[in-house]
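Colleague: Numbering (the working numbering), first residue to last: 256 to 472. Note that CB positions come from ideal geometry on N, CA and C, so glycine has one too. Let me give you the structure first, and then I'll get to my questions.
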Ligand code: CA
């Protein structure tokens with residue numbers, strides 16, 4: 256799943272990008288408020304991490320502008336530990352969660368997972384699809400109680416479809432959620448991944464809508 260990180264502190268951004276990439280997120284990074292707003296308005300993101308203190312427009316302003324345009328992407332604000340006023344303002348302006356600096360990457364990951372889950376209408380981290388259990392927090396899959404060994408890419412495709420259950424995702428949609436822009440992936444790779452997944456999780460779990468894409472019904 257693709258995320259957006261708006262953070263001007265290069266060192267902190269690097270740590271966060273690494274932690275997010277380690278668990279399979281593809282993250283676009285903007286280091287100014289204007290760039291962040293542009294990315295958010297033009298891209299498709301499962302969630303956005305937005306720092307308040309930015310060099311040009313502050314994060315709260317970016318947040319308010321984005322919510323005004325009707326953007327529904329879940330937004331987690333990064334605030335100073337003592338910034339309770341910012342947090343209150345942020346939550347009232349449409350932020351979904353906040354995290355005070357400094358924080359442990361583990362907590363960031365847990366909060367992002369929870370945000371994505373809630374935005375897809377899931378309260379339980381485990382999505383059940385017939386005899387398949389997809390655990391978004393543990394990043395594991397089991398079928399009839401047995402663990403299914405998936406590669407990181409296979410899990411990401413499956414998680415994307417599961418979180419967007421009922422919605423048809425095209426190969427382009429899936430590729431965008433899977434890889435950074437600069438990695439020029441052939442859309443056939445998506446097809447190959449889906450084929451491998453079906454062998455592991457059962458052919459009926461993922462359906463093809465010819466000419467449109469794939470869906471977990
Ligand atoms: Ca900052």
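Could you name the residues of the same chain whose beta carbon sits closer than 6 angstroms to that of residue 286, not counting the 5 residues immediately before and after it, in chain order?
Modeller: Residue numbering aside, residue 286 sits at position 31 when the chain shown is read from its first letter. If we look at residue 286 and ignore the five residues flanking it on each side, its Cβ neighbours are 263.
Colleague: What is the residue span of the alpha helix (DSSP H) that residue 293 lies within?
Modeller: For the purposes of this step, residue 293 is taken as residue 38 along the chain shown, with counting starting at 1. Counting along the chain, the alpha helix (DSSP H) containing residue 293 begins and ends at 288 to 297.
Colleague: Check whether the Cβ of residue 308 lies closer than 7 angstroms to any heavy atom of ligand 1, and answer yes or no.
Modeller: Mapped onto the chain shown, residue 308 falls at position 53. Answer for residue 308: yes, Cβ within range of ligand 1.
Colleague: What residues match up with residue 402 in a beta bridge as DSSP calls it?
Modeller: Reading the chain shown from its first residue, position 147 is the one you call residue 402. Residue 402 pairs with 397.
Colleague: Apart from the five residues on each side of it in sequence, which residues of its chain come closer than 6 angstroms, Cβ to Cβ, to residue 432?
Modeller: Walking along the chain shown from the start, residue 432 turns up at place 177. Result list for residue 432: 256, 257 and 415, in chain order.
Colleague: Roughly how many whole angstroms lie between the Cα atoms of residue 429 and residue 405?
Modeller: Indexing the chain shown from 1 puts residue 429 at position 174. Indexing the chain shown from 1 puts residue 405 at position 150. Their backbone Cα atoms lie some 17 angstroms apart in a straight line.
Colleague: Which class does residue 468 belong to by DSSP, given the choice of helix, strand or coil?
Modeller: Residue mapping note: residue 468 aligns to position 213 of the chain shown, counting from 1. Three-state DSSP puts residue 468 in a strand.
Colleague: Just tell me which of 335, 339 and 370 has its CA closest to the CA of residue 351.
Modeller: The residue labelled residue 351 in the question sits at position 96 within the chain shown. That would be 370, whose Cα lies nearest to the Cα of residue 351.
Colleague: Would the beta-carbon of residue 290 be found less than 7 angstroms away from any heavy atom of ligand 1?
Modeller: Residue numbering aside, residue 290 sits at position 35 when the chain shown is read from its first letter. No; taking the cut-off as 7 angstroms, the Cβ of residue 290 has no heavy atom of ligand 1 nearer than that.
Colleague: So does residue 263 have its beta carbon nearer than 7 angstroms to some heavy atom of ligand 1?
Modeller: Counting from one through the chain shown, the residue named residue 263 turns up at place 8. Under cutoff, so the answer is yes.
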